[in-house]
Structure formats: structure tokens, C-alpha cells
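Chains as they are written, first to last, in the working numbering: chain F, 2 to 244; chain L, 49 to 204. We treat Cβ as the ideally placed atom computed from N, Cα and C, and that holds for glycine. Bear in mind that the values here come from a model prediction, so they are computed numbers and not experimental data.
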């Protein structure tokens, strides 16, 4: 049960990191290429601590690498939001911003939970997440309140991603059963922070229409399979390889 | 019989692979050294979660100490590392190396810390990017001598 929860956290970090990593060398300006690679690196570092802990909870029958590289799509418990394709910069940015707001709230709650290891990982992550949220909030405002082109592109991204955001603040079965933060409890705080930044960015808050969820329980969109096939290809072709 | 003093002294010679002027002691990442017979347990804490230098640092510590004793290097996450643990001599070495030591404040949106140029001391500098070549740095440029330089971010 606890392993499911820790894997959910680890998978979300890993898949978002992998998505950000796809930008490496392709960004519109070098400084932002470096910024996004740095954020990806923080997420990979955080997910390593989480996978190591998940391996320990599973009695070390699988290593951190086996958990990351040898599980199938249905075993992944990441949010649907983070597996959505990068699209243009606006799309990647809006996805990151929605996630960062959630991530900070999560870490602020996790440092208070009864599990010492999760506390320690969250305490360390929180300092890094603050940089991520500052970066994504600034860019939301800069582009939302920028040119007509940047405003429209970002508004489109916000509208299209909105249906994946509800899942960030849903509580899964394994979260209900454990002494860990219940994401549904910080839905109001998530909405308030997102609204404040969208307002400042002169962006409209989309209407709450259809919302999609399922990732936390292993039911994914078609995109995850492609990410895994690229990310896991080396370990599956040459099992146990290192470099 | 190896002593903790000997081990601490050796650790002073283990450099950060990314910023070689700093030792692991200057960085403040060695949290504890205990000696039990011929076995040494060294507890280190990562700077940033994803810092790729940590694996190299662990290997370097092992290599340095293994001539004297059997080494266990243990990673401890809490309390989380902070730049407050950088030593004063470490900050001085950073500056001489051309990296501005951590400056507090300026962490809100559209703000940045007021960092002086490590080359000409001018306070007239500009942040170019919040993120730099490693997780612990951000990029600045001096507006008087035009030197581009790194700022070692204040991490708390």
C-alpha cells in the first residue's frame, strides 16, 4: 500500500522530468534550455530518493532502476497531466506551472506526515520546488501579459490542459488508507494560487468542464506508452546495462 | 589505529568535482565521521537532490580514505543542506575563483538577489538567468566591467 503511494510520487516526478528532458537542446533560448534541464534534473534527483525508498518498502526484491525501467504502463501511477506531450513552449510551461503549484502544496504537507523518510525527501525537495514555481509563475505572467501571440498561445494551452488538472487534487484509494497528505484537502489552495497568477497574467480561468483522471490508479492516456518505450528501450534491449 | 581527526584532515583534500577550489568540508556536506576499530562511517548530505557530482564525491571520499580503513559512506537527507553550512574560507575561495558567494534575499517573483561582481566589486550587476551550469548557480553579468559570472545561489 505504502509502496503504491511512493511509486505514484516517484512516477510523476520521473515522467515530468523525461518530458522536460525532451526539450534539452531544442529550446528557443539557451538560458531557458538550461533552466528546464535544471528543473528536470531536480525531478530526477527527487524521484531517485523516492524509488530507492519504494525499493526498500518492497523488501529490496527490485532495485530503483528496475522500478523505473522495467514496469509496464498499467503499473505506472503518475498523474495524466505530466504525460501530456510538450506541444509548444506555452503548453510545456502551463503544464509545469499547474504541476509546480501542486508540488509545493504537496511538499508543504509531506514534511508534516508521520513517515520520516517521506518527510526528509519533502524537506529537501521543497527548497528546489520554490525555484521551479517562481520560474514558471514568472513565465506565465510574462507571456500571458505579453504580446497578442504569446497571450493567445498560452490561453489555448491553459484551456486544453485544464481537463487534466483536477486529478492533481484527487485522493486515490492508497492515499485514503495511509497517514499521508490527502490531495483533495488542498484543492482550494491550488485553485486560489492558480487563479492569482492567471489573473495577473491576464488569462481567463477555464470553465470546469469534463475532467479526466485515472493515472494514479494506472489507467493512462495513449501518450505514456510512447514515453516508456523510448525511456526503457536500453534496459529492455540490454537488461542490466550500465555506463 | 585510525582517528576521526585523521579522517577529517583527509576529507579536507577531497574536492568538489564541479568547483574544484572547494573541498567537501568547505561545502558543509560532511555531517558526521565515526570510527569503530578499523571501520570508518562517513555521513554526507547532498547539496541538491539531483546533483550529479554526489556520486563522484562519494567515490572520491572512498578512494581517499580506503588506504587507512574500511569505509562506509552513508547519505542522509535530513536536515536538508543549506548554503549556511558553507564555511567562511569556502566563500572566500569561491569569490577568488570568480563565483559570487551566496547573497540572501530577492527570491520572490521578478526579484533577484543584489550580487556584487566578484571581479571588480561593483554592485551594478544584472541577473541573466535563475539557473546556471550547475543546480547550485545562477548567471549574472557585471554592468560596469561586463564580466559574466556565476552566483552560488543562497539555498535555504
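Using the rule of at least 16 other Cβ atoms within 10 Å of the residue's Cβ for burial, across every protein chain shown, is residue i buried or exposed?
{"i": "residue 238/F", "result": "exposed"}
{"i": "residue 20/F", "result": "buried"}
{"i": "residue 242/F", "result": "exposed"}
{"i": "residue 137/F", "result": "buried"}
{"i": "residue 115/L", "result": "exposed"}
{"i": "residue 174/F", "result": "exposed"}
{"i": "residue 119/F", "result": "buried"}
{"i": "residue 138/L", "result": "buried"}
{"i": "residue 79/F", "result": "buried"}
{"i": "residue 172/L", "result": "exposed"}
{"i": "residue 29/F", "result": "exposed"}
{"i": "residue 122/L", "result": "exposed"}
{"i": "residue 26/F", "result": "exposed"}
{"i": "residue 94/L", "result": "buried"}
{"i": "residue 49/L", "result": "exposed"}
{"i": "residue 1/F", "result": "No information on residue 1/F is available, as it lies outside the stretch 2 to 244 that chain F covers here."}
{"i": "residue 181/L", "result": "exposed"}
{"i": "residue 27/L", "result": "Since the first and last residues shown for chain L are 49 and 204, residue 27/L lies out of range."}
Which residues in chain F sit within 9 Å of residue i, going by Cβ to Cβ distance?
{"i": "residue 204/L", "result": "128"}
{"i": "residue 178/L", "result": "32, 36, 39, 132, 135, 136, 139"}
Look up residue i in the DSSP assignment and say whether it is helix, strand or coil.
{"i": "residue 204/F", "result": "coil"}
{"i": "residue 105/L", "result": "helix"}
{"i": "residue 175/L", "result": "strand"}
{"i": "residue 182/L", "result": "coil"}
{"i": "residue 120/L", "result": "strand"}
{"i": "residue 220/F", "result": "coil"}
{"i": "residue 148/L", "result": "strand"}
{"i": "residue 125/L", "result": "coil"}
{"i": "residue 166/F", "result": "helix"}
{"i": "residue 166/L", "result": "coil"}
{"i": "residue 213/F", "result": "coil"}
{"i": "residue 70/F", "result": "helix"}
{"i": "residue 64/F", "result": "coil"}
{"i": "residue 191/F", "result": "helix"}
{"i": "residue 11/F", "result": "helix"}
{"i": "residue 133/L", "result": "helix"}
{"i": "residue 241/F", "result": "coil"}
{"i": "residue 230/F", "result": "helix"}
{"i": "residue 50/L", "result": "coil"}
{"i": "residue 173/F", "result": "coil"}
{"i": "residue 85/L", "result": "coil"}
{"i": "residue 24/F", "result": "coil"}
{"i": "residue 18/F", "result": "helix"}
{"i": "residue 138/L", "result": "helix"}
{"i": "residue 203/L", "result": "coil"}
{"i": "residue 149/F", "result": "helix"}
{"i": "residue 161/F", "result": "helix"}
{"i": "residue 115/L", "result": "coil"}
{"i": "residue 77/F", "result": "coil"}
{"i": "residue 6/F", "result": "helix"}
State the beta-bridge partners of residue i as determined by DSSP.
{"i": "residue 196/L", "result": "189/L"}
{"i": "residue 63/L", "result": "71/L"}
{"i": "residue 80/L", "result": "91/L"}
I want to verify the contact list: residues of chain F whose CB lies under 7 Å from the CB of residue i, in sequence order.
{"i": "residue 158/L", "result": "139"}
{"i": "residue 183/L", "result": "39, 42, 43"}
So residue i contacts chain L; which residues on that side make the cut at Cβ distance below 8 Å?
{"i": "residue 120/F", "result": "126"}
{"i": "residue 47/F", "result": "97, 98"}
Starting from residue i, trace the alpha helix (DSSP H) in both directions and tell me its first and last residue.
{"i": "residue 37/F", "result": "31 to 58"}
{"i": "residue 138/F", "result": "117 to 145"}
{"i": "residue 104/F", "result": "90 to 111"}
{"i": "residue 183/F", "result": "Taken as a continuous stretch (DSSP letters only), residue 183/F belongs to no alpha helix (DSSP H), as it is neither H nor E."}
{"i": "residue 237/F", "result": "234 to 238"}
{"i": "residue 83/F", "result": "81 to 84"}
Find the residues of chain L that neighbour residue i, judging by a C-beta separation of less than 7 Å, and give them in chain order.
{"i": "residue 57/F", "result": "Result: empty, since nearest Cβ-Cβ is about 13 Å, beyond 7 Å."}
{"i": "residue 50/F", "result": "97, 125"}
Taking Cβ-Cβ distances shorter than 9 Å, what residues in chain L pair up with residue i?
{"i": "residue 124/F", "result": "125, 126, 127, 128"}
Would residue i count as contacting chain A if we go by Cβ distances under 7 Å?
{"i": "residue 184/L", "result": "Any reference to chain A falls outside this structure, whose protein chains are F and L."}
What I want to know is whether the C-beta of residue i ends up closer than 6 Å to one or more non-hydrogen atoms of the ligand HEM.
{"i": "residue 127/F", "result": "Among the ligands in the structure shown, none appear at all, so the ligand HEM cannot be discussed."}
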